[in-house]
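In the working numbering, the protein residues as written are 2 to 427.
Ideal Cβ placement from N, Cα and C applies to all residues, glycine included.
Just so we're clear, the structure is a prediction, and the values are computed from it rather than from any experiment.
Written below as structure tokens is the structure these notes are about.
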Amino acid sequence: MAVKIGINGFGRIGRMVFQAICDQGLLGSKLDVVGVVDMSTDAEHLGISRLYFAYQMKYDTVHGQFKHDVKIGEKDELIVNGNKIKCIQASREGPKALPWKDMGVKYVIESTGLFVEYEWLVDTLSVDGLATKAVGHIEAGAEKVIISAPGKGNLPPSTVLGLEAFFGPIDRPEMVITEVRSPVLRIALPNAQDYKICATPLDGSLLSAVAELGKTLVCGVNHTEYDKANHHVVSNASCTTNCLAPICHVLLKEGVGIEKGLMTTIHAYTATQKTVDGVSAKDWRGGRAAACNIIPSATGAAKAVGEVLPSTKGKLTGMAFRVPTPDVSVVDLTFTAEKDTSIQEIDSLLKAASGSYMKGVLSYTDEELVSMDFVHNVNSSIYDSKATLQNNLPGEKRFFKVVSWYDNEWGYSNRVVDLLMHMISA
């Protein structure tokens, strides 16, 4: 029986994930996408919203026309390849108010870019509540959540020391356990609403269970670390991490190693940027017109590799340049190897990996290609042999540059689907 799926956020990534499900032949066979949610869905104009959703699916400036049959159903339904999909109004209360339980939804793709925090941070005791957390989907009745962005807020051990609800006293006497319903532990505070964190009351300590709730998984790199019993909310990392991590994985696996490295991504503009100069209080340069400027920007993609490849933790950092192209980005990794080697050997290792254990995630090209040639490329990372070999110092044994492309929309969205299928089959 097909597993019921909900997609929260039907923007660039949400729609691309849905299209990938269709293109992989999963819709109606292994996956039943029963509901899509977006801010543009107005309860009073669901008929208009479904028409707009259909229009957005059918036509895309970058990726072309949708290859599948789209029809209009009842007042709040789309029908794709004969499968009914409900258009759902986004709730001001956040994910916890969505009708996942009533719809039988088991897995949610969280693709709004808004609900990226794994769980409640006990040490901050924010009053915003579960409304801003991805775990709200679990409160709403779903079993698992995949965040299509870098996850935030995984509990470090220091925040839960002493919080041993099942194995001893709590070190904050004002806290009272009012409900235990896996995976949610409810904590009440005087004169305040209930506070919730996620935990899995297993035979081990609550400390380790809470700390492991949120997990960053990158297909082809560490997706096999998924633990169905403990990992309820996972992150598929960022598109850039999905490009960089496979390269690093091969370098580590093949014994080249990474002593330290700097990454630069030349990144296509995205929906968060401005078409004309506008307000951006936290990042002034980020508020400038995207189609007219090369904009330096921060990115945590390189550091995030340390979450999926722990041996690189603290060894990588990087930055981004947002450029006036609508899709496809490229990573430039400059690094110091841990052993003597050559760029020719590295090239050979990456080529071999792309045709074997990294096939479908990492691919290889030695052609004279440019960014638009990679639009709708299904791989996470396309290693550019020619650009790499032409831009290294002759005879160098430790200091190297590697170049790899990625369709930051389509390649990434296919990995979300791959991760979903892995989690279902685990």
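Whose C-alpha, out of LEU334, CYS220, ILE148, THR342, is nearest the C-alpha of GLY262? LEU334
Which class does GLU165 belong to by DSSP, given the choice of helix, strand or coil? Low local confidence applies: a pLDDT of 36 at GLU165 is under 50, so the model's placement there is unreliable, and no value is given.
Out of ASN231, ILE248, HIS69, CYS240, which has the shortest C-alpha to C-alpha gap to TYR413? CYS240
Measure the alpha-carbon distance for LYS398 versus ILE267 and round it to whole angstroms. 26 Å
Leaving out the 5 sequence neighbours to the left and right, which residues in its chain are closer than 7 Å to ALA272 when beta-carbon positions are compared? GLY12, ARG13
For a test of the three-state rule: what should DSSP assign to GLU346, helix, strand or coil? helix
If I follow the unbroken beta strand (DSSP E) through GLY83, where does it start and stop? Note, GLY83: premise wrong, no beta strand (DSSP E); not H, not E.
Contact under 7 Å by Cβ, ASP348 with ASN378: no
If you scan the stretch 243 to 290 from start to end, which runs of the beta strand (DSSP E) of 3 or more residues do you find wholly inside it? 261 to 269
Specify the secondary structure class of LEU334 as computed by DSSP and reduced to three states. strand
Nearest to ALA299 (by Cα), restricted to the options GLN66, ILE148, MET264: MET264
With a cut-off of 8 Å, do at least 3 Cβ pairs link the stretch 275 to 293 to the stretch 217 to 225? no
Could you check how far apart the C-beta atoms of VAL251 and MET359 are, in whole angstroms? I think they sit under 8 Å. 6 Å
Find out if the Cβ-Cβ distance for the pair VAL146, GLU111 is shorter than 7 Å. yes
Nearest-angstrom Cα separation, counted from PHE116 out to LYS31: 26 Å
For SER382, the nearest candidate out of GLY26, ILE89, VAL331 (CA to CA): VAL331
Below 8 Å on the Cβ atoms is my contact criterion, and I expect ALA143 with VAL106 to pass it. Report the Cβ-Cβ distance as a whole number of Å. 5 Å
Suppose the cutoff is 6 Å on Cβ atoms and the five residues either side in sequence are ignored; what does the same chain contact list for ALA388 look like? VAL404
What did DSSP end up calling GLY12 once you bin it into helix, strand or coil? coil
How far does the beta strand (DSSP E) with ILE139 in it reach, from first residue to last? Taken as a continuous stretch (DSSP letters only), ILE139 belongs to no beta strand (DSSP E), being part of the alpha helix (DSSP H) at 137 to 140.
Taking its Cβ as the centre, do 16 or more other Cβ atoms sit within 10 Å of SER355, making it buried, or is it exposed? buried
Where does the unbroken beta strand (DSSP E) through SER364 begin, and where does it stop? 363 to 366
What does the Cβ neighbour count give for GLY152, buried or exposed, with the cut at 16 atoms within 10 Å? buried
Under the rule that 16 or more other beta-carbon atoms within 10 Å means buried, what is ALA303, buried or exposed? buried
Backbone secondary structure at TYR384 - three-state DSSP: strand
How far does the beta strand (DSSP E) with ILE148 in it reach, from first residue to last? 145 to 148
Between the alpha carbons of VAL35 and LYS59, how many angstroms are there, rounded? 19 Å
From ASP33, GLY319, ASP24, PHE19, residue whose alpha carbon lies closest to that of ALA3: ASP33
Can you name, in chain order, every residue of its own chain whose Cβ lies under 6 Å from the Cβ of THR337, other than the five neighbours on each side? GLU260, LYS261, ARG399, PHE400
Ordered along the chain, which non-local residues of its own chain (more than five positions away) have a Cβ less than 7 Å from that of VAL306? THR242, LEU245, ALA246, CYS249, THR313, LEU317
Have a look at LEU351 and SER386 and give me their C-alpha separation to the nearest angstrom. 9 Å
Does DSSP classify VAL404 as helix, strand or coil? strand
Return yes when the Cβ of GLY15 is within less than 7 Å of the Cβ of ILE8, no when it is not. yes
Using the beta-carbon count (16 or more within 10 Å), is ILE295 buried or exposed? exposed
Under the rule that 16 or more other beta-carbon atoms within 10 Å means buried, what is GLN194, buried or exposed? The predicted position of GLN194 is uncertain, since its pLDDT is 36 and thus under 50; a value taken from the coordinates is nonetheless stated next. GLN194 should be labelled exposed.
Skipping 5 residues on each side, what residues in its chain have a beta carbon closer than 6 Å to that of LYS68? none
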